[in-house]
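Numbering of the sequence shown is given in UniProt numbering, commencing with residue 1 and proceeding in unit increments. Idealized CB from N, CA, C, for every residue including glycine. Written below as structure tokens is the structure these notes are about.
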Amino acid sequence: MPQDLTLLFTDIEGSTAVNARLGDAAMSALWALHDRGSRDLLQAWRGREVDRSDGLVALFDSPADAAGFATAYHRMLAALPEPLRARAGLHTGPLDVRQNAPEDVALGAKPVEAFGIGKAVGARLMALARGGQTLASSAAAAQLQTAGWQTLSHGHWRMKGLPEPLEVHEVGDDSAPWLPPPDAEKSQRVVWHRGQWMGGDQVPHNLPAERDRFVGRQADLRALALLLEGPARLVTLHGTGGMGKTRLALRHAWAWRGNFPGGVWFCDLAQARNLDSVLQAVAVALDVPLGADPVAQLGRAIAGRERCLLILDNFEQVTRHAPETVGRWLDMAPQAHFVATSREVLGLRGEHTLALDALSTDEAAELFHERAQAALAGYQRDAESDRAVRQLVELLDGLPLAIELAAPRVRVMAPAQLLARMGDRFRLLAVQGSTGRQDRQATLQNALQWSWELMSAPERRTLAQLAVFEGGFDWPAAEAVVSLDDLPEAPWLVDLLQALGDKSLLRRLPGTRFGLLRAVQAFALTHLSADEQAAVRTRHARYYAALDEQNAIARGGVELDNLVQACRHAVACKDAATAAASLGLVWLVLRLTGPLRAAADLAQEVRAGLALQGREAAAVGWVEGVALVGSGRTAEAQAVITASLATHPAPGGDLLGGRLHGALGDILSAAGDTATATLHLQTALATGLRLQNTGLQCQALNELGAMAMNAGDHPLAQSHFTRALRIATEAEDRRWLGGLQGNLGALNYAVGRFAEAREAYEQALRLARDTGDRRWEANHLCNLGLVYLRLEDTGLAEQAMRESLALARDIGHARIVPAALCNLGHVLAAAGKAHEARSALLEAQALAREANDQRLFEECQGTLDTLPPETAVEGSPLQFIRD
């Protein structure tokens, strides 16, 4: 008796060609991996294999299980040593299922067979699909939508052997193609129009041919298709010049033209400047001779075509005419759909907008290679060119026009050479001798100039001043930096920011931030005179130098680029106070995120550019010193900090003085001079108490506790850590809470309470990650690895150590790197990996000697002495020499 089941068909795309290329033996091994992976997935998704050829046929009790299998199956194929792609089709409906007798199976019969018209439907859907695509019937899609799956209708298809056209739906995840399939031998797209089915290829249109392969933008294509399939009758694709709006509209029109039996019409408005020229362009596209009342005449012509699509390309310069054209046509032609491309939204009631942003790095790199191969026969991709191209397209902001203009340059320059010339981007991104309507797209500068000409004077002034920001900005920063005092009756800045956003020149960044594409920024800066630029940059520098610590380090240090820019401008202007203040904020960010060496380099840049004295000299010295400590240059750091204390006019009286004492105490503690270190740390603590600065108090108590713990005085260490933890808790300082929790873990470890140590370190690690403190994240991972080792889990221990080492190297922390290497050596030795252990320990010893860290040097030696003699390397053993 028939029962409702779901049948899934898959077929490997191009398997014969793959077999010919690999050979029979390699293909047999690949098929074995395919079959094993497929059957594991069938078990996971409750499926039964029914048949097998260049793919498989499987039965499922529900379409959700079948779709889950298909999605996982596509991913499994992509991960094979030789990546494969499959077509897949699924249908839900009545099927007869027969279990064959064991004796028939022994003769070669399949254990389970399915019969019914649904088998033909599934097979047709599979044959129609693209590689990597899963198509479903309406019966299956209805249940999948109820189960929460993403689906998209691709219209109706007449399939050989089936009495009526079948609606076809795509199902999948974000990696699916989400494109209508092309006509196949046994399946053709059809549309219902004026009482009958007509072939999709019979839909009238005037679309220009696509000259080359469309790359990327799959998510945008799907979003546009869903809008037009659903509630939207007017969609405006908006984005800055060169973002690929026209190309996206045309790709959609070609792919989905079967959805519009009344025709798909491309209306080029590039030359339109007034109402008459808009109407003339639309009339030419529709082949309608204009008479009296042309707006109404065109509305009637559009309505007469019933379900149709008009693409109104390059609408930005005539948006003022949108209400009396598109606005009226929407009312007159209720079945018509419109897609406008524009650098500015139209502002009509019922308008849906789709903002186009930069291509992802992967998409942008693929586009570059595709166009480079078209431009230069024999263009070869390799690891070096891939790296250069990825950097290049990131510098081009993922802007399709810029990439299209840059790629043909491979005829004379390799990608790495193009990358080196990005400083002259506007000359690089130009096509000589271009003519016709695309002239304004012939160079990146032309495209931006066209946008500039469409702006009002206040909008131009605002955009030019916003170009001084690096890495984005928020509303308070824009309000502080942009000045329109010389413009009478200038609009409110909020309105100007919104207008620039509507014109696709200002981008919304995560949170409440805004930013400019690099090309827009470089272009806009050319419209500030030298004096104007200096004045704007001075406002910018003073605003950022005045930020408090919390705002400087907020959101992972998102303002770092602006702070560095502020510091450098202040140096150029000989503004020592602003330079020192912004440098201090740069350090507060870099101590969390790294690289630490960058802070030392910037401090030295400030010292070289300014004749520093007094407090500013001491402030710059503090940053340079603490950054040098983190970079492993402790001897230089000690000299710089000592000199800064001597320079500072109030070495123990203010926050800077307290920080200098704390930094020197930290250096001397690591070097083993605990008595002098204690004096400096007590001075720092007293300063923190007097100023009620909880951060300075926590720093001093933390280092005093660490010294006591290293000396074996665990009660005193506990007292210092507990006191600091109470201060951090009252101040709600999550960063210091994480750091101190980690040291309590170290104390538990020192007295053998390993379970408590693990709990403390794991809590500290969560806090470090929550607060974006990569330095303490690396430190906690390093210590947590030792706890795992004590708990006899060498696998977790090695993983933690390697994560710590990678992170410490990434941020350039020269004190954590040798510690992580040393601890990794302990773990590898315990795991029986003596050769790897010796290598890690010797590297750690060499770094400990450079950093003047005797305690770590001797700790490494203790484990080295336990390793088998045969793992020793030639040469004399390292000896510790105190600087």
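### Message
According to DSSP, simplified to helix, strand and coil, what is Cys267?
### Response
strand
### Task
Using only alpha-carbon positions, find the residue among Leu691, Phe9 and Ala808 that is nearest to Ala86.
Phe9
### Query
From Met801 to Leu821, what distance separates their C-alpha atoms?
8 Å
### Message
Closer than 8 Å is the cut-off here; do at least three beta carbon pairs connect the stretch 567-582 with the stretch 489-505?
### Response
no
### Endpoints, beta strand (DSSP E) assigned at Gln150
Gln150 to Met159
### Task
Return yes when the Cβ of Ala830 is within less than 8 Å of the Cβ of Asn783, no when it is not.
no
### Query
In the structure shown, what three-state DSSP assignment does Gly472 receive?
coil
### Query
Taking Cβ to Cβ, would you say Leu144 is nearer than 8 Å to Ala136?
yes
### Task
Determine the direct distance from the alpha carbon of Asp313 to that of Glu306, and round the result to whole angstroms.
21 Å
### Query
Would DSSP call Thr92 helix, strand or coil?
Strand at Thr92.
### Task
Examine the Cβ distances between the stretch 755-768 and the stretch 784-793 and report whether three or more of them are shorter than 8 Å.
yes
### Close Cβ partners of Glu366 (< 7 Å) along its chain, the five nearest in sequence each way excluded
Apart from the 5 residues on each side of it in sequence, Glu366 sits with its Cβ closer than 7 Å to the Cβ of Val215 and Gly216 in its chain, given in chain order.
### Query
Among Thr866, Pro111 and Glu82, which residue has its Cα nearest to the Cα of residue 940?
Absent from the structure is residue 940, since the part of the chain shown begins at 1 and ends at 883.
### Query
Which of helix, strand or coil does DSSP assign to Gln43?
helix
#### Entry: Limits of the alpha helix (DSSP H) - the one that His527 falls within
Run containing His527: none; DSSP gives neither H nor E here.
### Query
Nearest to Glu792 by alpha carbon, out of Asp397, Ala755, Ser804 and Ala819?
Ala755
### Query
DSSP on Ser38, reduced to helix/strand/coil?
helix
### Query
Along the chain, where does the beta strand (DSSP E) that runs through His193 open and close?
Ser187 to His193
### Message
Considering only their Cβ atoms, is the gap separating Ala464 from Val410 smaller than 8 Å?
### Response
Going by C-beta atoms, Val410 is not nearer than 8 Å to Ala464.
#### Entry: Neighbourhood of Asn823 by C-beta, 6 Å cutoff - its chain only, sequence neighbours within 5 removed
Cys782, Gly785, Leu786 and Met801
### Query
Thinking just about the alpha-carbon of each residue, which of Ala303, Leu419 and Gln280 is nearest to the one in Pro294?
Gln280
### Query
Where does Gln196 land, buried or exposed, given buried means 16+ other C-beta within 10 angstroms?
exposed
### Query
For Ala711, does the count of other Cβ atoms within 10 angstroms reach 16, so buried, or fall short, so exposed?
exposed
### Contact check, Leu56 vs Ala70, beta carbons under 8 Å
With contacts defined as CB atoms closer than 8 Å, Leu56 and Ala70 fail to qualify as a contacting pair.
### Task
Determine the direct distance from the alpha carbon of Leu841 to that of Ala834, and round the result to whole angstroms.
Rounded to whole angstroms, the gap between the alpha carbons of Ala834 and Leu841 is 10 Å.
### Query
Alpha carbon to alpha carbon, what distance is there between Leu356 and Leu399?
10 Å
#### Entry: Length of the line joining the Cα atoms of Ala67 and Gln150
Cα-Cα distance, rounded: 10 Å.
### Query
How is the beta strand (DSSP E) around Thr134 delimited, first residue to last?
Thr134 to Ser137
### Query
To which residues of the same chain is Ala139 closer than 6 Å at the C-beta, ignoring the five residues directly before and after it?
Thr92 and Gly93
### Task
Would you kindly check if the distance between the Cβ of Val393 and the Cβ of Ala364 is under 8 Å?
Cβ atoms of Ala364 and Val393: closer than 8 Å.
### Task
Classify residue 893 as helix, strand or coil using the three-state DSSP reduction.
Nothing about residue 893 can be reported from this structure: the residues present for the chain run from 1 to 883 only.
### Query
What is the rounded straight-line gap between the Cα of Ala819 and the Cα of Leu250?
58 Å
### Task
Taking only runs that begin and end inside the stretch 748-801, name each unbroken alpha helix (DSSP H) of 4 or more residues, in chain order.
DSSP runs (the alpha helix (DSSP H)) wholly in the stretch 748-801: 754-771 and 774-790.
### Task
Rank Glu616, Ala637 and Val326 by C-alpha distance to the C-alpha of Val235 and give the top, closest one.
Val326
### Task
State whether the stretch 528-539 contacts the stretch 506-518, with contact taken as three or more CB pairs (one from each stretch) at a distance under 8 Å.
no
### Query
Using a Cβ-Cβ cut-off of 7 Å (strictly less than) and excluding sequence neighbours within five positions of Glu479, which residues of its own chain qualify?
Leu493
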